[in-house]
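A short write-up of the structure that comes next.
There are 2 protein chains.
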Amino acid sequence: MEETADMMNSNFKLNNRDRAVLMKTPFLTSLTGNSLVRMMSTMSVISLTNRKSIFREGENADAFYCVLSGYVRLYQLNRDGREADIRICSPGDTFAECLLYGGTKYRHHAQTAEATTLARFDMQAVRDLADQERDIAKAVITSLSKHLITTMDCVANDRLHTAPQRVANYILTRCPVDGGPASIRLPFQKNLLAGMLGLAPEALSRAFSTLRRTGVTVRGRVIQVGDVQALREI
Amino acid sequence: MEETADMMNSNFKLNNRDRAVLMKTPFLTSLTGNSLVRMMSTMSVISLTNRKSIFREGENADAFYCVLSGYVRLYQLNRDGREADIRICSPGDTFAECLLYGGTKYRHHAQTAEATTLARFDMQAVRDLADQERDIAKAVITSLSKHLITTMDCVANDRLHTAPQRVANYILTRCPVDGGPASIRLPFQKNLLAGMLGLAPEALSRAFSTLRRTGVTVRGRVIQVGDVQALREI
DNA sequence: ATCTAAATTTGACATCGATCAAATCCGTGA
DNA sequence: TCACGGATTTGATCGATGTCAAATTTAGAT
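Which chain is which? The protein sequence lines are Y and G, in order. Going by our numbering, the first residue of the first sequence is number 556, and it counts up by one from there. Going by our numbering, the first residue of the second sequence is number 556, and it counts up by one from there.
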């Protein structure tokens, strides 16, 4: 059995960190005993290098995924062929699970945005399980609920806030709650952050430089905040 | 027992149209027998006049709703106190159901945008039912899935299309599929359509006048399309 | 049919963010 | 440590949309 460096499909090579993320997934975290075993048996683990397609818009949806490590970009093409990110999935995020009961075709393109490990769940197998096992149905509900809430937040964020406000919000979600200075490190390229916030990369860059006036310093992936409280006022 | 004209709360006065909408709700459409009865018993019907608050951001979420007739506006306030619509709910739409398993507080304001009849479901009662009855859990899943998909479409639409394109898309979803001329009537004020599409009312108006070049004529709530096919090319 | 208030449109701006190109920075591998 | 290539920033510009005010239209009530 031969595997390329680009794609490995195995249930065995799960490192500890990936395993921990997997077990905290809404799909697995509340399961025990038999349900957990059955759910795990519908799953396989996939590792991909950067910029590999996971699925394409319009394809038959026969699996959904959880990100264990790395990042996944969900995007669509506009009329001119330009890509617009709909969602950036981080470790712990699930995507395409809404097609369990919502449709049969993928609705956008999915591609890795880094070397990425995914848990792949067979759509039909999980459908069958959810029909049988109460706690699995509940896990599906919890996952969908959380996903829906973050997606509605995304709409609200897009419609309500300017670019600097969105960036400030993002920084604040990663900062200690008290008011003083803080320093955080982006876990990914600015490219991806731009996609999360619905901005072009240049707009993100300009938003950062607007925030300099509010005491935000950016060097590479490191963001220093002079006064967390001041950032809230933006 | 006295009722004001502004709010009537009763299970009895459901006209035929409202009843038909109610039974097609994802929450009820797939239920039969005992499940249907139990679900109905957690429900009450509420009628409100225009511009009445249903709930406010931050309040305790003890119910979710289905729109039977009329429209509901979900919105948030930005820092300047300006309202931005997050979602416009039409007859058949459910809102706040993501809080069944996703949180305990309402995340935005909800207010009627017309005289409106709602089905009100007690949150805790439905939670208990979903834990007991398989088909109710499934109904919840279906509802959440569909809602999640439309919300992701909303993000995509916002990020991918210009104002005239969004308006064209909206018109096309209400037009016969073949290519010729067509005429539709908006079921609500343009105000609401603007909110659905994430536009200021003035921007909607300008989008319509842009579409005049493509053979779209607007008089009041009536929209005439010269060539449906041409509209797709926008 | 007429009147009135509300909704919509239009005009004039101001702003924001996208786009393209060029310069610079950063991280990685040798 | 150095050099390279990709990522990011910056500059210049443009187009799209929000905003406010005024004109006009529409819908509902009398």
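Note that CB positions come from ideal geometry on N, CA and C, so glycine has one too.
Asked: Buried versus exposed, by CB contacts within 10 Å (16 or more), Lys693(G); Found: buried
Asked: Pair within 8 angstroms by beta-carbon distance, Thr580(G) and Val681(G); Found: no
Asked: Helix, strand or coil at Phe582(G) [DSSP, three-state]; Found: coil
Asked: Cross-chain neighbours of Gly753(G) in chain Y, by beta carbon under 9 angstroms; Found: Val710, Asp713 and Arg714
Asked: Between the CA atoms of Gly657(G) and Cys709(G) - distance to the nearest angstrom; Found: 20 angstroms
Asked: Run of the alpha helix (DSSP H) containing Asp713(G), from where it starts to where it stops; Found: Arg689 to Leu715
Asked: Ser626(Y) - DSSP class collapsed to helix/strand/coil; Found: The question names Ser, but residue 626(Y) in the sequence shown is Tyr. It is coil, neither helix nor strand.
Asked: Range of the contiguous beta strand (DSSP E) that encloses Glu638(Y); Found: Glu638 to Cys644
Asked: Interface positions of the stretch 584-611 of chain Y facing chain G (Cβ-Cβ less than 7 angstroms), listed along the chain; Found: none
Asked: Leu632(G) burial status per 10 Å Cβ neighbour count (16 or more: buried); Found: exposed
Asked: Short-range partners of chain Y found in the stretch 683-707 of chain G, where Cβ spacing is below 8 angstroms; Found: Ala685, Asp686, Arg689, Ala692, Lys693, Val695, Ile696, Thr697, Leu699, Ser700, Lys701, His702, Leu703, Ile704, Thr706 and Met707
Asked: Short-range partners of chain Y found in the stretch 635-648 of chain G, where Cβ spacing is below 8 angstroms; Found: Ala639, Asp640, Ile641 and Arg642
Asked: Closest by C-alpha distance to Ser764(G), when choosing among Lys660(G), Asp617(G), Thr697(G) and Ala723(G); Found: Ala723(G)
Asked: Contact residues within the stretch 646-677 of chain G, judged by C-beta distance below 8 angstroms to chain Y; Found: Cys653, Leu654, Leu655, Tyr656, Gly657, Gly658, Arg662 and His663
Asked: Those runs of the beta strand (DSSP E) which lie wholly inside the stretch 718-772 of chain G and span at least 3 residues; Found: 737-740
Asked: Nearest-angstrom Cα separation, counted from Ser608(G) out to Glu614(Y); Found: 43 angstroms
Asked: Validate contact between the stretch 774-784 of chain G and the stretch 733-744 of chain G using beta carbons, cut 8 angstroms, 3 pairs; Found: yes
Asked: Through-space distance from Ala639(Y) to Arg774(Y), alpha-carbon basis; Found: 26 angstroms
Asked: Secondary structure of Arg662(G), DSSP reduced to three states; Found: coil
Asked: Where Gln631(G) meets chain Y, residues with beta-carbon distance less than 8 angstroms; Found: Ala711 and Leu715
Asked: Beta-carbon proximity of Asp677(G) to Ala618(G), cut-off 8 angstroms; Found: yes
Asked: Reference Tyr626(G); option with closest CA among Thr671(G), Leu684(G) and Cys653(G); Found: Thr671(G)
Asked: Under 8 angstroms between C-beta atoms of Leu655(G) and Ser585(Y); Found: no
Asked: Euclidean distance between Cα positions of Arg662(Y) and Leu673(G); Found: 31 angstroms
Asked: Nearest residue (CA-CA) to His702(G), options Cys653(G), Glu669(G), Ala668(G) and Asn570(G); Found: Cys653(G)
Asked: Nearest-angstrom Cα separation, counted from Val592(Y) out to Glu688(Y); Found: 12 angstroms
Asked: Reference Ile726(Y), options Met707(Y), Met751(Y), Ser602(Y) and Thr706(Y), closest by Cα; Found: Met751(Y)
Asked: Limits of the unbroken beta strand (DSSP E) element including Arg675(Y); Found: Thr671 to Asp677
Asked: Classification of Arg642(Y) by the beta-carbon crowding that lies within 10 angstroms, buried from 16 upward; Found: buried
Asked: Alpha carbon of Tyr630(G) to alpha carbon of Met707(Y), nearest angstrom; Found: 11 angstroms
Asked: Asn589(Y) versus Met595(Y) - alpha carbon distance; Found: 10 angstroms
Asked: Distance, Arg721(Y) Cα to Asn746(Y) Cα; Found: 15 angstroms
Asked: Neighbourhood of Asp561(Y) by C-beta distance below 6 angstroms, restricted to the same chain and skipping five residues each side; Found: Note on Asp561(Y): pLDDT 39, under 50, position unreliable in the model; the coordinate value appears next. If we look at Asp561(Y) and ignore the five residues flanking it on each side, its Cβ neighbours are Thr604.
Asked: Nearest candidate by alpha-carbon position, reference Glu645(Y), set Gly636(Y), Ala651(Y), Ser624(Y) and Thr659(Y); Found: Looking at the sequence itself, residue 645(Y) is Ser, so the reference to Glu does not match. Checked all of Gly636(Y), Ala651(Y), Ser624(Y) and Thr659(Y); the closest Cα to Ser645(Y) is Ser624(Y).
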